[in-house]
Structure formats: C-alpha cells, structure tokens
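A short worksheet on the structure shown next.
Residue numbers (the numbering used here), protein chains in the order written: chain A, 804 to 985; chain B, 7 to 387; chain C, 8 to 295.
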C-alpha cells in the first residue's frame, strides 16, 4: 500500500482531479486507498451498501447487470481515468450494478462516507467536488443515451425482413426495384 | 446582312419550311386541351393565333381575342404555358439503355440517338435562360448527359420577345427577360398595327443568317426597331410581380422559420411546381425487365423533391415534413443553385405560381420571410 | 454583329456516365449476418480499376437495379474490386445471392476521397461505426502501406455487439501492430466479451494522438458522427481537421438526378467525403 504522499501523487495523476484545487484534492486524499483487483473480482456488487467509489487508474471494469436465464449483460466498461460509482452520493446509498474487473485493475478507492462527512462540514469543498462529479455523470448520461439509440443496428430491421419476403415471393418474376431503390 | 431585319408574317412559313428542308423537326406552341403546349408544327397555321392567356396563382385560361381587333391575328400574344422546352431535351420519361441476357450475363445494346435535330420556334427569353441553366446542369464538371448534350448541340432556336407580361411573370426582376439577349439563332419581335402584321428579326448565329437567306426580308427602319423596343418595354411595365435580388441570402439565413410550416399547411406536395419548372432537373430511375427475363432496361423519369421517397435512405426519408420539402425546393432554386451552377435556378417564368393548385407564390414566400425579419428588426413584433 | 454558332459545343465526346461496365463476381465472402463482401473483376481481365479511398461505385444487377456502394478493397491492388454490402433493400438483397461467375454492372468510381495526401506528416484518427468501417478500409490499407509517412495512427471502431464487428480478423491483426492504436467498443455485450462496452465517441478521450496535428476521418451513422465531432472538439481537433463521409439517396452518382442534395452540395460528386467545416452549418439542420 502506498504512503499518503504516494497517494497524493496518484490522485494528482488521475484526470478526475484536473482543475480541482489542491486543497480539495488533499482532503480527498485523506479518504483514499490504493487497490488492486484481479480478473473476475468484483469491485462492487449490486444491492450492497454503497460507501465507496473508485478512480480507475489502469485496467477495465465491466458494469453489468445479471438477468435470469442468460449471461450477465455488460452495460458499459470503464477504463483508465474513469470514475466508477456514484450511488454513495445518493440516498439510500445502495450499489446499482455489479462491477467486475476484466483483467488486472488498479484503482483508488475513496471512502464515500468519509467524503460525505467532509463535504457536509465544508460546503465549498462539497460544491467543488460535486461539480466535478456532475460533469462525469452528465458525460455518462449522454453516452448512455447514445448507446440506447442503437445507431449501428439497421434503423428498421423490419424493412430488411419485408424486402426478403418480397424478393422470395417474387423470385420467379423479374424483380423491379422498390420505389425507394435502396 | 443588317443587324435587324423585317419580315412580313407570312414569311414565318418560309422559315418553318426552310428548317424542315434542312432536316429539323420543327416544334412550337400549339393549342391543346385549353393550354399552350409545345409540339410539332409544320405551318404557321398550327400556331394558336389570336389567343392570350390569363394567369394568376392557381389560375390559367386561354381567351380568344376580339375578332374585330388587331390582336386577333397575333401569333405570340400569350406567354408560357404548362410545358417548357425542357421536356424535349430532357424528356419526362426516357430509356437510358437496354441490356439483354448474353455471355452468361448481360450485354448493353448500343446507344440510340434521335434521327432529327429539333428546331424550337417561339422560345421566350425566360426559356432561353432556362435552357442555359439546364446546359450547366447536364454538362458542367466531369460528366455530361450524353442524350441531352447531343440533342441540345444541334437544336435551332427561334426566340420570340414577349410584348405582354403574363399574370405571374417576374422575369424582369430575374434579369432574364422579357427581351432575349442572346443564345438564339434568330429572335422575333411581333409588330401588329395598322401597317400590318410583321416581325422584327435579330440574327444571332451563322446558321440563323443562312436560314434568313431563304426568306424575303428588308432592313428594319429605326422607327420599326423603336416600335419593337417599346412593345417589349410594355411587357416590363405590366409585370405585376418581382423577386427580391437578395432572395438567396434571405432563405439561407432562415432555414428555421415559422413560414415553412405556414406554407406546408397550404402546400399539397403535388409536385406540380417541379413538373412545370423549366429548370428543375431531378429524376429517378427504374429498371424494367421483360416477362421472360431476357431483356432489361433502365428508364429515367422526372422526379420531384416534393415526393416523400425522394430523400429515402435506408430507414426512412430524410425530409419527412412537407415544410422541409418545400424549403428544399425553394432554397435549391434561389440559394443553392448559385453554389452549384453559378446562377439562379429561377428564371422568373411564373409557371410554379400559375400551376400550383393552391396558388403558392414563390415571390410572396420570399417576401413574407423578409417581412418577418424586418418586423423583428423594427420592433413591430 | 456578334455571330455565335447555334451548335453549342462542349468539345470532345465524353462517355455516357449512365452506362455500366461489365464485371464478373470472383468471390463472395460472408462477413456478418446480412453483410458480405463481393470481389469483382472486369470482363476484360487486362483492365484495372483505379480508385481513391472513400470513393464509391454504382453496382448493377441485371433485371433488379442499381445501388451505390463504397469501395472497400486495397487501392494498391486494382485488379480485384471489393465491396462490402449490407443487405437492406431489394438490390442489396439480390446481391447477397450472387456467386462467383455472376455478371454485375459497375459505374464509377465516383465522389471525393479521404485526404490521404493532406494527412501525411500528421496524426490520423480513423473513427468508424458499424458498416462505416468499409469505406475507411481502403484508407487504412493505404496508410499501412506507407506507414512511415504518418504520425500516430488511431483506429477507433464501434459496433452494436461483439458479433457485429466488421473485419474482426483484420482489426485483431492491426491491433497486434506496435505502430497502430486500435480500440474497439460495442454498445452491448455479454460477460464473455473482454473488450470495451460503451459509445465509440468515448474512445476519442484516450490520448493516442496530438490534437493540433491530427486529421480525423469519420464514417458511420450520422448521429454517431455528430457526437464524434463534438468529442473531437473537446479534444481540441477543429472542423478543418475533420472529414466525414455522408450517405444520401442516389440514382445517378454524377449530379444529374438531384436526390443526394445536402444543402448546396451533391453528396455524389461534392462528397461523399466532406471536410467538416464546409458542411458544419447544415450538419445540424433538421431534414435538410
């Protein structure tokens, strides 16, 4: 485990702390610990109390949801420089998804309870910290919305199916192009 | 040969005969189904003499002149009708090529060409401008439409100056007419008064000069030339509409504007405006195969940006709303045409206004958007 | 008097751009469900087919019709013409049924190309989504064949699922090279997928290129490109450094039919590859 001085350097290297005051970073350092996870280990499990979040330094973390009758669905992977977890900020402080290490993961864990306390004591620290966190959340929300659009899939798969049927039924008759001509 | 000649009206027949002798298929205005259309003419009597047109937004009527008046003899007192010369050089339906099954695949048959070149008689100034626009469309850049080009290169053009403005004309504000300024082989101005029915003839080309050699003419006197000039001036003076010269910029900066929805509420997306427009060039293709599958041909036919499927990409049309389709049409005409071809796509012929079933007026739509801008600037809203 | 001949003359005869040349199918390769690559050779086998990366052809199947498809092969190997096609309409579905020996018509190549020469000496970001990798593959081949002329080269690719990753074997090969950054992400995956899950635009945040000296080439769904442009802006890559390839309805490919108009541009001849600053204004205009 790194010393506090080493931790401060690790924190400073993480993009989450770009533009954050040294004072804020110093306060957070007091709640941080360096962690290593091996392939398949879970950083967090759905449903458990959320009192930690992670700053991924190196490696990949799969955010996944388990669905009965199938293998877990990976919603998103997070990697170098990403922030993992915000349930600790929002009551009732419960983890929403499973977070699994894909390969070796080096991360800084931050004690959310500790940080919540510091933020409540020091509103200006709280504001600075939250404004950084909201930025991450907004990016994540936009990304999620884009994923939701399913843009690569054919915009209307039924068209494909329809055309196939049309072609097959018309197989003996020379086909004319659709009015849309592809 | 002098610059401006004078011929009597019966010499029109000599011109037509001369062209036909040279192998031209002579095409000109004819009276059909209550309108002036362009079709084959072989004699001056094919021309719709003594008619004039009433045109307004969504309104077209041909009216015979008072039989006792001078105008009863006139050949060209109407202006443009629903047809334009476009349909002869860029036909509404056309076979591009034909292929047959062979060689374990298919083989294309050689291209066909029309045996006779056209001579167009009675081309108005706005239509000469439209021909020049389509020349650019079909031959600018790396590619040329061979069918259009081979026809167009051989076409003989007899222009006619308008001595009367139609009800929806605005060529003067587009600087395309009513006087033909070039691009013709011969240009006629009809003179009709107590001295008789005559034509001033301007010669615009060597083939035009050669043709005139077969015709009985004399040099036009200055007073006759002045009379012709004045007749064309009368047409300018009676033109009721005008297009703003900054129309392109107005539309460019108003891609989002409530007027698009307003016009879309009136527009039927019927595509009439694009069909009658002498410069609209959009087309689609269709492959048609014989029942035995041995032969297949590609057909091209006029298309319109008002059709929903026009902008279809897999998934759906890009322009779903009528507002977007109207905007596409008018901005293409007045804004983007300049970028694409260095000229406006509108010649001020007024056909799109006359033949719009609900009388949407291209000049009024531009003016309405401009007025709304001014109202905002002047704090009226 | 000024005398002009009435016969307008456009000079020498230009061949009819609407008549297809005849090619034979040499190979058909299954890529993904509904996606396949057709290899074509001209009937006259001594002929070659020169094209620039990013250009497209009109492919014609006898009795069915014609469809625009980007060339996806190697420009340095002009003897075989490759097209990767997704079966989405009547023509592309019919093309899915061709086999070696089938004759097809080809018109082309048409349109603008990726800015290979302009990218020399710069870093290059190649960002593709879905089947949008196909029009970029000739660029990748050309860059790899002249690797030393370019700075850092990053290939970022997004697909719907791991099963829908186009050219997966080649992406693996490219990823194995030390002189390329290759990142692949998918929108959704099972837990057996060891790669990234998330939007492709996020890959742009991973530093592998120097934004002021970068050219970015984008091809994929228009929504993806819109957000990729924003993500590139965030990194400091400007509109003049970004190139996008657009798709519109096309009937003629030579600017006559009017279908592909995008504002003042004809996608067929002024595109499909546009420098972004030339179309930025209209890129966000709805239904233009």
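Using N, Cα and C, we set each Cβ at its ideal position, and we do this for glycine too.
Remember, it's a predicted structure, so these values are computed and weren't measured experimentally.
Please tell me whether residue i has its Cβ less than 9 Å away from any Cβ of chain C.
i	result
residue 103 of chain B	yes
residue 903 of chain A	yes
residue 330 of chain B	yes
residue 146 of chain B	yes
residue 816 of chain A	no
residue 867 of chain A	yes
residue 945 of chain A	yes
residue 844 of chain A	no
residue 809 of chain A	no
residue 850 of chain A	no
residue 883 of chain A	yes
residue 1 of chain B	Outside the displayed range of chain B (7 to 387) lies residue 1 of chain B, so it cannot be described from this structure.
Quick one: which chain C residues come within Cβ less than 8 Å of residue i?
i	result
residue 950 of chain A	194, 195, 205, 206
residue 953 of chain A	167, 194
Go ahead and pull the three-state DSSP assignment for residue i.
i	result
residue 981 of chain A	Low local confidence applies: a pLDDT of 41 at residue 981 of chain A is under 50, so the model's placement there is unreliable, and no value is given.
residue 129 of chain B	strand
residue 83 of chain B	coil
residue 9 of chain B	coil
residue 99 of chain B	strand
residue 47 of chain B	coil
residue 258 of chain C	coil
residue 76 of chain C	strand
residue 118 of chain B	coil
residue 230 of chain C	helix
residue 247 of chain B	coil
residue 966 of chain A	Low confidence applies to residue 966 of chain A: its pLDDT is 41, below 50, so where it sits in the model is not reliable, and the reading given next is rough at best. In this structure, residue 966 of chain A counts as helix in the three-state DSSP scheme.
residue 233 of chain B	helix
residue 784 of chain A	Chain A is shown only over 804 to 985; residue 784 of chain A falls outside these bounds and no answer can be derived.
Name the chain A residues whose beta carbon is nearer than 7 Å to that of residue i?
i	result
residue 234 of chain C	949
residue 231 of chain C	954
Within 9 Å (strictly less), CB to CB, does residue i reach chain B?
i	result
residue 289 of chain C	yes
residue 38 of chain C	no
residue 272 of chain C	yes
residue 71 of chain C	yes
For residue i, collect the residues of the same chain with a Cβ closer than 6 Å to its Cβ; drop the 5 residues on either side in sequence, then sort them by chain order.
i	result
residue 28 of chain C	113
residue 861 of chain A	883, 909
residue 208 of chain B	10, 193
residue 158 of chain B	95
residue 274 of chain C	253, 255, 267
residue 277 of chain B	310, 312
residue 880 of chain A	863, 865
Which residues of chain A have a Cβ atom closer than 8 Å to the Cβ of residue i, listed in chain order?
i	result
residue 199 of chain C	874
Measuring from the CB of residue i, is there a heavy atom of the ligand NAP at a distance below 8 Å?
i	result
residue 91 of chain B	Absence of the ligand NAP from the depicted structure is noted, as is the absence of any ligand whatsoever, leaving it without description.
Short of 7 Å in beta carbon distance, which residues of its chain neighbour residue i, apart from the five on each side in sequence? Order them along the chain.
i	result
residue 156 of chain B	119
residue 232 of chain C	225, 251
residue 376 of chain B	250, 256
residue 64 of chain B	362, 363, 364, 365
residue 254 of chain B	340, 341, 344
Using a threshold of 9 Å, state whether the C-beta atoms of residue i and residue j are closer than that.
i	j	result
residue 35 of chain B	residue 128 of chain B	yes
residue 214 of chain B	residue 191 of chain B	yes
residue 262 of chain C	residue 149 of chain B	yes
residue 198 of chain C	residue 859 of chain A	no
residue 285 of chain B	residue 310 of chain B	no
residue 34 of chain C	residue 72 of chain C	no
residue 42 of chain C	residue 111 of chain C	no
residue 169 of chain B	residue 132 of chain B	no
residue 74 of chain B	residue 80 of chain B	no
CB-CB under 8 Å to residue i, same chain, minus the five flanking residues each way: which ones, in chain order?
i	result
residue 348 of chain B	142
residue 979 of chain A	In this prediction, residue 979 of chain A scores a pLDDT of 39, lower than 50, which makes its location untrustworthy; the coordinate-derived value is nonetheless stated afterwards. Excluding positions up to five away in sequence, the list is empty.
residue 160 of chain B	123, 124
residue 30 of chain C	47, 48, 49, 50, 88, 110, 111, 112, 113
Show which residues of chain C have a CB atom less than 7 Å away from the CB atom of residue i.
i	result
residue 130 of chain B	Those do not exist, as residue 130 of chain B stays about 17 Å from chain C at its closest Cβ, beyond 7 Å.
residue 879 of chain A	204, 205
Just to make sure I have the definition right: I need the residues of chain A whose C-beta is within less than 9 Å of the C-beta of residue i. Which are they?
i	result
residue 57 of chain C	Here the premise fails: no neighbours, minimum Cβ distance about 26 Å.
Give the residues of chain C in contact with residue i, contact being defined as C-beta atoms less than 9 Å apart.
i	result
residue 311 of chain B	265, 266, 268
Mind listing the chain B neighbours of residue i? Cutoff is C-beta to C-beta under 7 Å, in chain order.
i	result
residue 261 of chain C	149
residue 23 of chain C	117, 152
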